[in-house]
Amino acid sequence: MLKRLAKIAIISMISGSIMFAANFNAQAEKDRHAFVNYFLKKFKNPVKNQAKYFPYVSIKEIKKDYIYPLSFQAFQDGSLSWYKPSKEQFAEINAFPPYEIPLDDGEALYKKPFANGKTYSSCFPNPAIKQNYPYYDTKKDEIITIGIAVNECRVKNGEKPLKYGKGDIAKVISYLAYKSRGQKINIKIPNANAAKAYEAGKKLFYKQRGYLAISCNECHVKGAGKRLRAEALSPALGATTQMPVYRIKWGGLGTLQRRLAGCVKDTGSEKPKMQSKPLKELAYFLTYMSNGMKLFGPDTRK
Amino acid sequence: MIDAKKLLAVALMGVISASTVYATSNDALVKEGRKVFVTKKLGNCLACHAVQGDPSIPQTGDIGPKLVNLNTYPKEYLFDKIWDPNKTNKNTLMPPMGRSHKITKHQIDALVAYLQEITKAK
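Chains as they are written, first to last, in my numbering: chain D, 1 to 302; chain H, 303 to 424.
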């Protein structure tokens with residue numbers, strides 16, 4: 001009898017905590033389902049749905065240049081997922097991926113001992129961890145991006161932190177990303193403050209900003225599958241799976257933070273600081289939206 | 303004594319020079335408008351629009367409609383559209399470049415002159 005009571009108590013404790021945990025991401029899950037469905041519908045049959053989603057693109061061009069239907073996982077490829085000319089061009093470029101050399105550098109850096117004799121593996125014994133970043137650290141009460149984690153590891157080992165965005169930090173993250181290929185993005189919202197951070201990131205994503213009064217949403221949700229000048233606009237779904245990227249325009253690797261800062265600036269706003277609270281929140285929201293998608297970084301972009 | 307012939311000549315010259323002045327200033331405006339249209343730091347309109355009658359514009363986007371037959375629209379309509387497209391279409395993706403002071407009223411006049419001239423059906 002007593003045993004049974006204890007059992008019931010335990011069961012209700014467990015289910016209670018599951019319900020409790022589910023509460024924090026309830027809204028986010030609702031958002032994510034709508035987000036994913038929008039993209040799946042939009043790219044299911046662009047010819048049939050031209051009037052709804054691509055009113056100013058001719059059927060002829062859609063038939064010639066668009067790739068469809070797109071599966072959930074296909075969105076890992078950004079603008080290359082739907083735009084045939086880019087996909088073909090990059091298939092050629094990636095026959096010898098330009099990120100290969102910096103990726104090798106990243107591996108060397110990962111394995112090179114710090115002054116104290118330890119290496120990055122003292123912090124990341126299993127380098128296949130990128131799927132969990134950015135995560136909400138409930139003790140520090142803030143978002144930890146993978147860049148911050150790399151620098152925390154350095155500081156803990158008596159090394160100077162690296163500059164964010166490009167260079168060595170992008171190389172080390174590329175190695176971690178490479179080792180994490182195939183892992184599914186798994187962003188969690190562990191408590192009420194994490195949910196707040198998620199909501200803040202969401203607000204930034206939909207906010208019209210700068211003198212162009214344009215939002216991430218307008219270019220990468222509504223605008224996804226259209227062209228801005230010669231640039232095929234990438235869908236926001238999957239937008240973080242391939243990071244860091246080697247960009248031809250940069251002539252080197254750049255991290256998600258670098259890309260986000262650049263896109264905010266392109267809207268006519270002041271360029272935000274990398275790893276600032278708003279950029280971390282934006283990354284947290286954006287990565288959450290791709291939960292369940294397999295990672296494929298690093299990759300090459302225009 | 304009034305020299306009617308001379309008067310007429312002067313009057314005619316006035317008409318002619320006025321109209322040539324008008325023509326050249328409109329040409330200049332059209333030219334300026336094209337520059338605003340294609341320059342990234344100015345209007346950057348080609349990022350989203352192709353233009354009927356001006357196939358030399360490189361690499362236009364397709365977020366917005368191809369601009370056609372704009373000479374049939376009232377000037378004010380076009381001015382307002384470029385000043386702040388949200389006035390007529392709350393959900394538009396087009397940025398309010400006049401209202402946000404990215405381009406000046408004069409530059410919008412130039413854009414309107416250019417667009418009305420170039421998109422005339424020929």
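Beta carbons: idealized from backbone N, C-alpha and C, even for Gly.
None of these values were measured; they are calculated from a predicted model.
Using the three-state DSSP reduction, which class does residue 233 (chain D) fall into: helix, strand or coil? coil
Contacts around residue 44 (chain D), its chain only, beta-carbon distance under 6 Å, and the 5 residues preceding and following it disregarded: 69
List the residues of chain H that residue 57 (chain D) touches, going by C-beta distances under 7 Å, in chain order. 364
Threshold first: 4 residues or longer. Then list the alpha helix (DSSP H) segments lying entirely within the region 159 to 197 of chain D, N to C. 168 to 179
Please tell me whether residue 232 (chain D) and residue 256 (chain D) are closer than 8 Å, where the distance is taken between their beta carbons. Not closer than 8 Å, so no.
Hey, out of D:235, D:52, D:228, D:302, whose CA is closest to residue 396 (chain H)'s CA? D:228
Given a threshold of 16 other Cβ atoms within 10 Å of its Cβ, counted over all protein chains shown, does residue 287 (chain D) qualify as buried or as exposed? So residue 287 (chain D) counts as buried.
Assuming contact is defined by CB atoms lying nearer than 8 Å, are residue 84 (chain D) and residue 105 (chain D) in contact in what I supplied? No, they are not a contact pair.
May I ask which residues mark the beginning and end of the beta strand (DSSP E) holding residue 253 (chain D)? 252 to 254
Kindly list, in the order they appear in chain D, the residues whose Cβ is closer than 7 Å to that of residue 395 (chain H). 218, 222, 223
Across which residues does DSSP place residue 142 (chain D) in a beta bridge pair? Bridge partners of residue 142 (chain D): D:137.
Name the chain H residues whose beta carbon is nearer than 7 Å to that of residue 213 (chain D)? When 7 Å is used as the limit between beta carbons, residue 213 (chain D) is near these residues of chain H: 397, 398, 402, in chain order.
Best match in D:213, D:270, D:301 for proximity to residue 403 (chain H) [C-alpha to C-alpha]: D:213
Quickly, what does DSSP pair residue 245 (chain D) with across the bridge? List them, please. D:254, D:299
Less than 8 Å between the C-beta atoms of residue 202 (chain D) and residue 31 (chain D), yes or no? yes
For the region 82 to 131 of chain D, which segments carrying the alpha helix (DSSP H) assignment without a break, of at least 4 residues, lie completely within its bounds, in sequence order? 84 to 93, 100 to 111
Keeping to the same chain, check which residues put their C-beta closer than 6 Å to that of residue 246 (chain D); ignore five residues upstream and five downstream. Only 98, 99, 253, 300 meet the Cβ criterion.
Under a Cβ-count criterion, where at least 16 other Cβ atoms within 10 Å of its own Cβ denotes burial, should residue 61 (chain D) be classed as buried or exposed? Flag for residue 61 (chain D) reads exposed.
Anything in the region 238 to 260 of chain D with a Cβ closer than 7 Å to a Cβ of chain H? List those residues in chain order, please. Per Cβ criterion, the list is empty.
Note down the Cα distance separating residue 426 (chain H) from residue 358 (chain H), rounded to an integer number of angstroms. Because chain H spans 303 through 424 in this model, residue 426 (chain H) falls outside it and cannot be assessed.
Using the rule of at least 16 other Cβ atoms within 10 Å of the residue's Cβ for burial, across every protein chain shown, is residue 141 (chain D) buried or exposed? exposed
Which same chain residues, not among the five before or five after residue 28 (chain D), have their C-beta less than 8 Å away from its C-beta? 189, 195, 198, 288
Cβ atoms of residue 339 (chain H) and residue 350 (chain H): under 8 Å apart, would you say? no
With respect to the alpha helix (DSSP H) encompassing residue 287 (chain D), which residues constitute its N-terminal and C-terminal limits? From DSSP, the alpha helix (DSSP H) with residue 287 (chain D) extends over 277 to 289.
When you compare the CB of residue 349 (chain H) with every CB in chain B, is at least one pair closer than 8 Å? Although the question refers to chain B, the structure presented lacks it and instead comprises the protein chains D and H.
Buried or exposed by the 16-neighbour rule on C-beta atoms within 10 Å, applied to residue 421 (chain H): buried
Have a look at H:344, H:365, H:355, H:356 and flag the residue whose alpha-carbon is nearest the alpha-carbon of residue 51 (chain D). The option with the nearest alpha carbon to residue 51 (chain D) is H:365.
Nearest to residue 120 (chain D) by alpha carbon, out of D:251, D:96, D:149? D:149
For residue 368 (chain H), which residues in chain D fall below 8 Å Cβ to Cβ? 56
Would the region 327 to 343 of chain H and the region 375 to 389 of chain H be scored as touching if the rule is three or more Cβ pairs under 8 Å? no
Where does residue 23 (chain D) land, buried or exposed, given buried means 16+ other C-beta within 10 angstroms? Residue 23 (chain D) is exposed by the Cβ-count criterion.
Assigned exposure category for residue 47 (chain D) - 16 Cβ within 10 Å defines buried: exposed
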